[in-house]
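Colleague:
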Amino acid sequence: MGTSVQVTPLCGVYNENPLSYLVSVDGFNFLVDCGWNDLFDVNLLQPLSRVCSKVDAVLLSHPDVLHLGALAYAMKHLGLSAPVYLTEPVLRLGQLTMYDHYFSRKQMSDFDLFSLDDVDSAFQNSNVTSLKYSQNFHLTGKGEGIVITPYVAGHLLGGTIWKITKDGEDVIYAVDYNHRKERHLNGTVLESFVRPAVLITDAFNALNNQPPRRQREQDFIDVILKALHSDGNALLPVDSAGRALELLLILEEYWTQHHLSFPIYFLTNVASSTIDYIKSFLEWMNDSIAKSFEHTRDNIFLLKNITLLISKSELEKIPDTPKVVLASMASLEVGFSHDIFVEWASDAKNIVLFTERAQFGTLARMLQVDPPPKAVKVTVSKRVPLVGDELKAYEEEQDRLRKEEAMKASIKKEEDIKAAGSSDISAAEPMVIDATSLVPMNAGVSQLGSKREILIDGFAPSPASVGPMFPFYDCTAEWDEYGEVVNPDDYVAKAEDMDRPFMHEFGGEAGGRVDDNTVHLLLDSTPSKVVSNEMTVPVKCGLVYMDFEGRSDGRSIKSILSHVAPLKLVLVHGSAEATDHLKQHCLKHLCQHVYAPKVEETIDVTSDLSAYKVQLSERLMSDVLFKKLGDYEIAWVDGEVEKADDTLSLLPLSSPPSPHKSVLVGDLKLADLKQLLSSKGIQVEFSGGALRCGEHVTVRKVGDSAQKGGATGTQQVVVEGPLSEEFYKIREHLYSMFYVL
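Counting in our numbering, the sequence shown runs from 336 upward without gaps.
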């Protein structure tokens, strides 16, 4: 029978909530994405908490909160301990994204759902494996026989389409993909898959159609310049390390071409570290960037017109001139974008330019409705140092807690010493001790009793002793003819220390800076509290939404799905209207098996194809003649199936098999044939997509008619020309490039 596949949504179906799905392949449970929202609503994780113990592996697709935001929390509080697989950019940028969210929350509340150490533990441990695009990774143990492979998604840097293969059947997970090539990203390769057994994809953009890219970018620039020329400011609420990168490149290119002087700022808690990492990820970007760097050594992310900032205090020191600020967070709930919006919203000259649909329930989503509200209520929070009586009360409480901890530690130490002494004295070899040397000459009778308490300060007695002894360590070193032998490993920096992108325990970034407030926040060196104030903000500034989400639109999604033509389709992540629309379209034009499950509803999408495991008998294999094909060996096998003890075996035929027609096996590239013929002294050139050989012979490749409509088929090689010595010579060279079976 076919490979068993079940899909259970844990979040993100019939709505735009975070993405999290349980995909079971022959009993092996994949948690595909582990998302959260900017509000960090714990209630959304209830379905996840019920299955964490069953998860065997985690696959992460994109480096934003919607796809990996709950990973650190799930590992600390929900018992998630499965291996994690992702690409290197998703690992690094996802970690920085979670840092930025933690900083933004901690500055405005007593946030305790996860810490920086929890983020480090989730992304920097031995269970995390980063893979390259198209790299096949074979699972072991319970997942024996399953192969996972990441492919380009095109939405965010390092964004992934996951292919899970078992027994020749493919399960494809493709959400938030983009077929268009952008300034720093290649388009998705989803169209290269043909007839997978199961395709899990989203309906997020099913109802949206986008204008041409050039028109969108020109409108984007025009809106910003209009505000700047009117002495206003432009605020772009963006993510930490995702779509903001494409926006930075658009602005950088236009500012460079037109020599504009308006300042542009990229303001996040991790802006410097983000760009430093991006500079080293050129091989993950589109082909033109990599080729340009190879020839000119110019890095596209050497931003000359954009200033990186990591604190709002730096922005406040800048003269009050028209400027563009890209600030996190995109939801406007917390972070620098929230604070700047509160200050700029009341000025009609300013604009707030949204480049993505905000999450439900956030301030940004409220401002994106049509018509927008004329005023909004916001909570302005700030962390301030404790002073006066509050500081005194805090210090007294900390002193009391320290004394309690010290008392508990002292009692535990005494109990351990007594337990060790009482258990080991009888078993140890007796020591000869001069009792008079332990007691002063004028000691009383009570001090000479059979029970004596000895004060030990700074060291504990050896378990084998009956009295206190100073510890002794033999520090002899090995020497050779050059001096003391040195172990080089003692002076080599550990790889995990070098890989840490953000050394928060020292209050600094790799390649970046952290302002004083953040240092105090990280080290807890200054007692502080959060002061909140609710206020009504009049919204007089311009509010503009433009789609720069980097996702394929509805028309493109339908075209891509038609080309992929999956046997079974599962729709997730999209509004109820968009999900139903795409479901009806696919049922009518694509396939009969289209599913749109609800949260915690398990659907069985096991393939209808019958696949059986057959054991090749030794009698059969002893007569098979193998021929080498590259790294493989191939052969004709003729046999008959026999069933014994629920096991299928292939045995030799009882009668001699009929002879086989010769088959040429291999993949011919005309460029390789051209090179071969040229080496044999034959004049060869390309003409009209074919290979013109000599004076009269033409070699061309033609596709089988079965390839039309997206189905698989073979390719034929046609040799055309008059029968001559030249014709047969060229055909002989052509045959030499194949394997005859």
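For glycine and all other residues, C-beta sits at the position ideal for the given N, C-alpha and C.
1. Within its chain, find whatever has a CB closer than 8 Å to the CB of Tyr-930; leave out the 5 residues flanking it on each side and keep chain order.
2. Just to confirm, is the Cβ distance from His-473 to Gly-885 under 8 Å?
3. Assuming His-514 and Ser-887 make a contact with CB atoms under 8 Å, what is their CB distance in whole Å?
4. Distance, Cα to Cα, Val-296 vs Asn-460?
5. Distance check for Leu-570 and Ala-662, CA to CA, integer angstroms please.
6. Over what stretch of residues does the alpha helix (DSSP H) that includes Cys-921 continue unbroken?
7. 8 Å is my cut-off, CB to CB: does Asp-399 come that close to chain B?
8. With DSSP as the reference, label Tyr-947 as helix, strand or coil.
9. Exposed or buried, what is Thr-441 when buried is set at 16 or more other beta-carbons lying within 10 Å of its beta-carbon?
10. Can the beta-carbon of Leu-617 be found less than 8 Å from the beta-carbon of Ala-625?
11. Per DSSP, which one or two residues make a beta bridge with Glu-977?
12. Using a 10 Å radius around the Cβ and a threshold of 16 neighbouring Cβ atoms, would you call Glu-610 buried or exposed?
13. Does the region 365-380 come into contact with the region 659-675, if we say contact requires no fewer than three beta-carbon pairs (one atom in each stretch) closer than 8 Å?
14. Who are the Cβ neighbours of Arg-1066 in its own chain at under 7 Å, not counting the five residues just before and after it?
15. Using a 10 Å radius around the Cβ and a threshold of 16 neighbouring Cβ atoms, would you call Leu-413 buried or exposed?
16. Applying the criterion that 16 or more other CB atoms from any shown protein chain within 10 Å of the CB defines a buried residue, is Ala-541 buried or exposed?
17. Identify the continuous alpha helix (DSSP H) that holds Ile-1017 and give its terminal residues.
18. What runs of the alpha helix (DSSP H), each 4 residues or longer, lie entirely inside the region 609-658?
19. Quick one, are the C-beta atoms of Asn-1147 and Phe-438 less than 8 Å apart?
20. Apart from the five residues on each side of it in sequence, which residues of its chain come closer than 7 Å, Cβ to Cβ, to Trp-619?
21. Tell me, please, whether the region 519-538 touches the region 384-392 by the rule of three or more beta-carbon pairs shorter than 8 Å.
22. Quick check for students: name the residue ranges of the beta strand (DSSP E) that lie wholly in the region 691-743, counting only runs of 3 or more.
23. Count the other CB atoms within 10 Å of the CB of Ser-396; is the residue buried (16 or more) or exposed (fewer)?
24. Under 8 Å, do Asn-685 and Cys-876 count as touching if we go by C-beta distance?
25. Specify the secondary structure class of Pro-353 as computed by DSSP and reduced to three states.
26. By the 10 Å Cβ neighbour count, where 16 or more other Cβ atoms means buried, how is Gln-694 classified, buried or exposed?
27. Quick one: what's Cys-346 bridged to in DSSP?
28. Return the first residue and the last residue of the alpha helix (DSSP H) that Ala-509 is part of.
29. Under 6 Å Cβ to Cβ from Val-866, same chain only, skipping five residues before and after it: list those, please.
30. Report buried or exposed for Asn-822, applying the criterion of at least 16 other Cβ atoms within 10 angstroms of its Cβ.
31. Could you tell me if Met-443 is buried or exposed, where buried requires 16 or more neighbouring beta carbons within 10 angstroms of its beta carbon?
32. Leaving out five residues on either side along the sequence, give the residues of the same chain with a beta carbon under 6 Å from the beta carbon of Arg-700.
33. Report back the beta-carbon spacing between Leu-702 and Leu-878 to the nearest angstrom; my notes put them in contact at under 8 Å.
34. On the DSSP letters alone, give me the boundaries of the beta strand (DSSP E) that Arg-551 sits inside.
35. Within 10 Å of its beta-carbon, does Thr-536 have 16 or more other beta-carbons around it, so buried, or fewer, so exposed?
36. With C-beta atoms as the reference, is Tyr-420 less than 8 Å away from Leu-394?
Modeller: So, from the listed chains and residues:
1. Val-342, Lys-903, Leu-904, Val-905, Leu-906, Ile-938 and Val-940
2. no
3. 5 Å
4. This structure cannot settle anything about residue 296, because the visible part of the chain is limited to 336 through 1076.
5. 7 Å
6. 911-924
7. Of the protein chains in this structure there is only one, and it is not chain B.
8. coil
9. Going by the sequence as given, residue 441 is Lys instead of Thr. Lys-441 should be labelled buried.
10. yes
11. Ser-984
12. What sits at residue 610 in the sequence shown is Ile, not Glu. That one is buried.
13. yes
14. Val-1054
15. buried
16. buried
17. Premise fails: Ile-1017 is in no alpha helix (DSSP H) and is neither H nor E.
18. 622-631 and 647-651
19. Beyond the ends of the chain as shown, which are 336 and 1076, falls residue 1147; an answer cannot be given.
20. Pro-424, Leu-492 and Gly-493
21. no
22. 710-720
23. buried
24. yes
25. coil
26. buried
27. Ser-355
28. Looking at the DSSP string, Ala-509 is not in any alpha helix (DSSP H); the run it does join, the beta strand (DSSP E), is 504-509.
29. Lys-717 and Val-719
30. exposed
31. buried
32. Ala-693
33. 5 Å
34. First-last for Arg-551: 548-564, but that is the alpha helix (DSSP H), not the beta strand (DSSP E).
35. buried
36. yes
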